[in-house]
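Participant: Letter by letter, the sequence shown follows residues 555 to 642 of my numbering. Think of the CB as a built atom: it goes at the ideal place given N, C-alpha and C, for glycine as much as any other residue. These figures come from a predicted structure and were not determined experimentally. Before I ask anything, here is the structure I am working with.
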Amino acid sequence: MTKMLLLGLLIVSIAGLLIVIFRQRLAWRGIITFLLHGVSAFALLYIVNSTGWIAGIHVPINPATLTGVGLLGIPGLALVISLKMVGI
555 MTKMLLLGLL
565 IVSIAGLLIV
575 IFRQRLAWRG
585 IITFLLHGVS
595 AFALLYIVNS
605 TGWIAGIHVP
615 INPATLTGVG
625 LLGIPGLALV
635 ISLKMVGI
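Now the structure itself:
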């Protein structure tokens, strides 16, 4: 019973979100910007990992690092690399 209620709530929430996104043009701009930041974050992390730009540093490409670098850009990449160098 509880699982069905949660599933129904999830479906209604997704439907409401889609309605808001399709009705507002600003939402599309935000989604496109978010996707471009995500792609650029992936590219920056890939370049750092594949070129060996910083010796001995391998930054894993996962949702946490992509989010940090995608939201913060180059400073986010510097933050992730510095945290990796410190050992966190």
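Taking the beta carbon of residue 559 as the centre, do at least 16 other beta carbons fall within 10 Å, making it buried, or is it exposed?
Facilitator: Exposed is the call here.
Participant: Consult DSSP for residue 568 and reduce its assignment to one of helix, strand or coil.
Facilitator: Residue 568: helix per DSSP, three-state reduction.
Participant: State yes or no: is the C-beta of residue 623 within less than 8 Å of the C-beta of residue 630?
Facilitator: Yes, the pair counts as a contact, with Cβ atoms nearer than the cut-off.
Participant: Closer than 8 Å is the cut-off here; do at least three beta carbon pairs connect the region 613-628 with the region 594-603?
Facilitator: Short answer: they touch.
Participant: Mind checking residue 595: buried by the 16 CB within 10 Å criterion, or exposed?
Facilitator: Residue 595 is buried by the Cβ-count criterion.
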